[in-house]
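Asks: When the letters of the sequence shown are read in order and numbered with this note's numbering, they come out as residues 453 to 743.
Cβ atoms here follow ideal geometry from the backbone N, Cα and C, with glycine treated the same way.
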Amino acid sequence: MWILGHLLAVGIGISLGLIGGGGSVLALPILVYVMGVPTKPAIAMTLVIVGTVSLIGLIPHWKKGNINFNKAFIFGSATMIGAFVGAKIAGLPFVTDNLQMLLFAVMMLVAAILMIKRSFKKSSDISTTNNPEYPESEVYQPPICNYCWLWLLTEGLGVGILTGLVGVGGGFAIVPALVILGKTPMKEAIGTSLLILVVNAIAGSIGYLGQVELDWQLVGSFILAASFGSFLGGYLSQFIDGKKLQKYFGYFLIAVAGFVLFQNYHHLQKKPTSVSTYNSVKQNYYHATKF
């Protein structure tokens, strides 16, 4: 299972390199269902993994000047607070492992649907210019309100809470918010979102301090595997159209979300003692196989 888990981590990196996002949402189910890590430690580990991989992906955007630090500060401040609060909420007695995984599955479904929807959009539906210097990926939509920065803060807080609570980076929500509400060009929004994901991960991880014990060796090996996959995906992107893969990857995410929903809804139907026993057995297995 160790080898399988790390091969899947390489797959996460490849998806990031090919389609620019979405793959990191698979880190949590891989840690839980393949590596046998209990849910709460797995969420904290996911935050560290996603944050580090985002930091690596941030470097080329930084060099190209595709980061808006002012908007990163405005949106990132709200998401950092939200991520810390979300991590603390996760420690409350009524927030069970099953509840967290159910929320995670719902967010995975949202990300998958948005990904599939984007894959069907043609450049003619998005682009409003014939200038070849401004391809589809650089066009941004006009703002939809006069005081969008207030909504930007509100959405940032919500995205941050979800990040801390279920380990979802929220890039699928951050980029549209920066483009539509923040009046940000797409390339700049992508680079800025990576910086926000990094600070989110830091805040969420701090929120989990004292709540869970992390397997840093596993975190490190997962980061190395995902980083290798990311570079490999970047190379393969020269030969494969990542946009065409978005639709199929989105359907795959729906299948994974369905599996997670089924597993956790099934456990919710059992008596609380059964759930406790299940978590106890999984915890013991994890510590017994911890390397």
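(1) If the criterion is Cβ atoms closer than 8 Å, does the pair K492 and V664 meet it?
(2) Just to confirm before moving on: does the CB-CB distance between L670 and V477 stay below 8 Å?
(3) Excluding the 5 residues flanking I508 on each side, which residues of the same chain have their C-beta closer than 6 Å to its C-beta?
(4) Express the C-alpha separation of K523 and F674 in angstroms, rounding to a whole number.
(5) Would you kindly work out how many angstroms separate the C-alpha atoms of A625 and I455, rounded to a whole number?
(6) How far does the alpha helix (DSSP H) with Y485 in it extend, from its first residue to its last?
(7) How should G662 be labelled, buried or exposed, when 16 other C-beta atoms within 10 angstroms of its C-beta is the threshold for buried?
(8) If you reduce the DSSP assignment to three classes, tell me which class E640 lands in.
(9) Take L460 and list the residues in its own chain whose beta-carbon comes closer than 8 Å to its own, dropping the five residues that flank it on each side.
(10) Considering only residues of the same chain and omitting the five flanking positions on each side of M559, which have a CB-CB separation below 7 Å?
(11) Could you tell me the distance, in whole angstroms, from the CA atom of A655 to the CA atom of L697?
(12) Roughly how many whole angstroms lie between the Cα atoms of Q552 and A564?
(13) Helix, strand or coil for T400, going by three-state DSSP, please let me know.
(14) Assuming N522 is part of the alpha helix (DSSP H), what are its boundary residues?
(15) Relative to the C-alpha of L609, which candidate in W514, I533, G457, L561 has its C-alpha closest?
(16) Can you tell me the Cα-Cα spacing of L554 and V562, whole angstroms?
(17) Where does Q690 fall in DSSP's three states?
(18) Looking only at its own chain, which residues have a Cβ that is under 7 Å from the Cβ of A641, when we skip the five neighbours before and after it?
(19) By Cβ distance below 7 Å, which residues in the same chain neighbour I596 in space, the five residues on each side in sequence not counted?
(20) Tell me whether I648 is buried or exposed, calling it buried when 16 or more other Cβ atoms sit within 10 Å of its Cβ.
Replies: In terms of the structure at hand:
(1) Less than 8 Å divides the Cβ of K492 from the Cβ of V664.
(2) No. Outside cutoff.
(3) Sequence-distant Cβ neighbours of I508 in its own chain, meaning closer than 6 Å and more than five residues away, are S679.
(4) If you take the alpha carbons of F674 and K523, they lie about 31 Å apart.
(5) So the two alpha carbons sit approximately 32 Å from each other.
(6) Premise fails: Y485 is in no alpha helix (DSSP H) and is neither H nor E.
(7) Residue environment for G662: exposed (fewer than 16 other C-beta atoms within 10 angstroms of its C-beta).
(8) E640 falls in the helix class under three-state DSSP.
(9) Excluding positions up to five away in sequence, the list reads L478, I482, V486.
(10) Excluding positions up to five away in sequence, the list reads L614, V618, V620.
(11) Going by the C-alpha atoms only, they are around 32 Å apart.
(12) Taking the straight line joining both Cα atoms gives about 18 Å.
(13) Residue 400 falls outside the range modelled here, since the chain spans only 453 to 743, and no answer is possible.
(14) Per DSSP, the continuous alpha helix (DSSP H) segment holding N522 begins and ends at 521-542.
(15) Considering only alpha carbons, the answer is I533.
(16) V562 has its alpha-carbon roughly 13 Å from the corresponding atom of L554.
(17) In the displayed model, Q690 falls within coil according to three-state DSSP, outside both helix and strand.
(18) V627, L630, V631.
(19) Note that I596 scores 48 on pLDDT, short of 50, meaning its location in the model is unreliable; the coordinates nonetheless yield the value given after this. By the criterion of a C-beta distance shorter than 7 Å, I596 is surrounded in its chain by I632, once the five residues flanking it on both sides are discounted.
(20) The residue in question, I648, is buried, as its Cβ has 16 or more Cβ neighbours within 10 Å.
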